[in-house]
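J.: Protein chains in written order, with the working numbering: chain S, 5 to 118; chain E, 4 to 116. Just passing along the structure, written as structure tokens.
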């Protein structure tokens with residue numbers, strides 16, 4: 005069966021520090037991968053979308069970047085965190101066949117920038 | 004991206020049916036209607052999805068209007084564990100952006116014992 009791992013679960017970082025969040029998927033190949041961010045009490049905002057290794061689509065201009073160095077690995081990074089980067093970050097995967105499959109989300113990382 | 008509109012909140016009594024509405028008047032012919040639910044501090048969980056016909060699974064039923072401009076998620080007997088935020092989203096079915104979605108703020112379902 006397919007599983008998605010996301011870590012760490014919580015993170016407190018000072019303003020101006022770097023960030024690296026990692027997400028890996030097991031049990032499937034060539035998935036679509038996504039990074040979402042959720043502000044408190046709000047819906048999910050799509051940050052990045054990837055259909056393959058090295059292929060990243062950025063949805064909103066921001067202080068963050070994403071990379072996909074391997075088929076089932078998706079990394080969210082920042083060189084210098086801002087207070088506004090605080091939030092709940094969710095990684096998700098889906099099969100390429102939208103008709104039969106939905107998203108599977110990771111358990112999320114709660115990032116607090118202080 | 005096509006967007007969805009949901010009520011901010013709804014209440015239900017335990018063991019009663021719940022009908023959660025969603026409007027998506029700008030849906031395109033290749034958009035799939037998906038429903039997810041999210042418990043506090045967890046990632047959203049897939050519930051059900053469909054294209055044109057009504058769908059049933061072990062968790063819920065999805066009723067899709069004939070013109071596809073609205074849909075309703077039906078929980079047949081609400082339990083306390085169904086209390087969550089429910090998201091109705093549209094997923095692009097084809098093309099280079101296939102699979103992308105925009106999540107709104109969802110409906111917060113409260114289930115009263």
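Ideal Cβ positions, reconstructed from N, Cα and C, are used throughout, including at glycine. Small disclaimer: the values here were computed from a predicted structure and weren't measured.
Counting Cβ pairs closer than 8 Å, one from the segment 19 to 26 of chain E and one from the segment 64 to 73 of chain E, do we hit at least three?
T.: Yes: at least three Cβ pairs fall under 8 Å.
J.: How many angstroms separate the CA atom of residue 25 of chain S from the CA atom of residue 30 of chain E?
T.: Position 21 of the first chain, counted from the first residue, corresponds to residue 25 of chain S. Position 27 of the second chain, counted from the first residue, corresponds to residue 30 of chain E. About 34 Å.
J.: Quick one: grab the DSSP three-state call for residue 24 of chain S.
T.: Translated into positions along the first chain, residue 24 of chain S becomes position 20. It is a strand residue.
J.: Compute the Euclidean distance between the alpha carbons of residue 79 of chain S and residue 12 of chain E, then round it to the nearest angstrom.
T.: Locating residue 79 of chain S in the first chain gives position 75, where the first residue counts as 1. Locating residue 12 of chain E in the second chain gives position 9, where the first residue counts as 1. Approximately 34 Å, taken between the alpha carbons.
J.: Give the DSSP bridge partners of residue 38 of chain S, in chain order.
T.: Position 34 of the first chain, counted from the start, is the residue given in the question as residue 38 of chain S. DSSP lists S:53 and S:96 as partners of residue 38 of chain S.
J.: Would you say residue 104 of chain E reaches chain S, if we count a Cβ-Cβ gap shorter than 9 Å as a contact?
T.: Within the second chain, the letter at position 101 stands for residue 104 of chain E. Interface residue, yes.
J.: If the cut-off is 7 Å on Cβ atoms, which residues from the segment 32 to 64 of chain S count as contacting chain E, listed in chain order?
T.: Of all residues in the segment 32 to 64 of chain S, 36, 46, 47, 48, 50 and 53 have a Cβ within less than 7 Å of some Cβ in chain E.
J.: Mapping the DSSP letters down to three states, classify residue 71 of chain S as helix, strand or coil.
T.: As a working note, residue 71 of chain S is residue 67 in the first chain. The answer is strand: DSSP assigns residue 71 of chain S an E or B state.
J.: On the criterion of 16 or more Cβ atoms from any shown chain inside 10 Å, does residue 96 of chain S qualify as buried, or is it exposed?
T.: Numbered from 1 along the first chain, position 92 holds the residue referred to as residue 96 of chain S. Per the 10 Å Cβ criterion, buried.
J.: At a Cβ threshold of 9 Å, is residue 32 of chain E touching chain S?
T.: Translated into the one-based positions of the second chain, residue 32 of chain E becomes position 29. No - not a single Cβ of chain S is within 9 Å of the one on residue 32 of chain E.
J.: Just the Cα atoms here: how many angstroms apart are residue 108 of chain S and residue 83 of chain E?
T.: In the first chain, the residue the question calls residue 108 of chain S occupies position 104. In the second chain, the residue the question calls residue 83 of chain E occupies position 80. Distance between the alpha carbons of residue 108 of chain S and residue 83 of chain E is about 23 Å.
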